[in-house]
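Student: Submitted below is the structure of interest, expressed as structure tokens.
In the numbering used here, the protein residues as written are -6 to 102.
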């Protein structure tokens, strides 16, 4: 059994270094992609904030350019009008019970 349990001859040491270098390369690649996306979004947001008051056409173009989360940014942090604490308790408890039930179902399968 010593021949089968010994991994000295099965996996050369260069394979480990290749895997580590490959992982680091992939991580750096994705970090660069994320940095490019963040810089583009920040540059667009900065340009939209620096518009002049007299430039109505440009402001209208940027208003139509905003979509998705930019339209809803004011509604996200607004608390509910009636009984905000009760709403937060129900949402927190419901999400915790839902995640726990989902994990139990996944682990039991």
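By construction, the Cβ of each residue, glycine as well, lies at the ideal position given by its N, Cα and C atoms.
Small disclaimer: the values here were computed from a predicted structure and weren't measured.
1) Can you tell me where the alpha helix (DSSP H) holding residue 89 begins and where it ends?
2) Sorted by chain position, which residues of the same chain lie with C-beta nearer than 6 Å to residue 73's C-beta, five sequence neighbours on each side aside?
3) In this structure, how does DSSP classify residue 33 when only helix, strand and coil are distinguished?
4) Tell me the DSSP secondary structure of residue 74 in three-state form.
5) Which of the three DSSP states is assigned to residue 43 in this structure?
6) Expressed to the nearest angstrom, what Euclidean distance is found between the alpha-carbon atoms of residue 88 and residue 96?
7) Excluding five sequence neighbours on each side, which residues of the same chain lie with their C-beta closer than 6 Å to the C-beta of residue 21?
8) From residue 92 to residue 28, what does the alpha carbon distance come to, in whole angstroms?
9) Pull up the distance between the alpha-carbon of residue 34 and that of residue 70, whole angstroms please.
Tutor: Quick look at the numbers:
1) For the purposes of this step, residue 89 is taken as the residue at position 96 of the chain shown. Element bounds for residue 89: 77 to 101.
2) Start at 1 with the first residue of the chain shown, and residue 73 comes out as number 80. If we look at residue 73 and ignore the five residues flanking it on each side, its Cβ neighbours are 80.
3) On the chain shown, residue 33 is found 40 positions in, with the first residue counted as 1. In the structure shown, residue 33 sits in a helix (DSSP, three-state: H, G or I).
4) To locate residue 74, count along the chain shown from 1; it is residue 81. In this structure, residue 74 counts as coil in the three-state DSSP scheme.
5) Taking the chain shown and counting its residues from 1, one reaches residue 43 at position 50. Residue 43 sits in coil when the DSSP states are folded into three classes, being neither helix nor strand.
6) The residue you call residue 88 lines up with position 95 of the chain shown. The residue you call residue 96 lines up with position 103 of the chain shown. Taking the Cα positions, residue 88 is about 12 Å away from residue 96.
7) Here residue 21 refers to the residue found at position 28 of the chain shown. Correct list: empty, nothing qualifies.
8) By 1-based counting over the chain shown, the position of residue 92 is 99. By 1-based counting over the chain shown, the position of residue 28 is 35. The straight-line gap from Cα to Cα measures roughly 32 Å.
9) Residue numbering aside, residue 34 sits at position 41 when the chain shown is read from its first letter. Residue numbering aside, residue 70 sits at position 77 when the chain shown is read from its first letter. Distance between the alpha carbons of residue 34 and residue 70 is about 21 Å.
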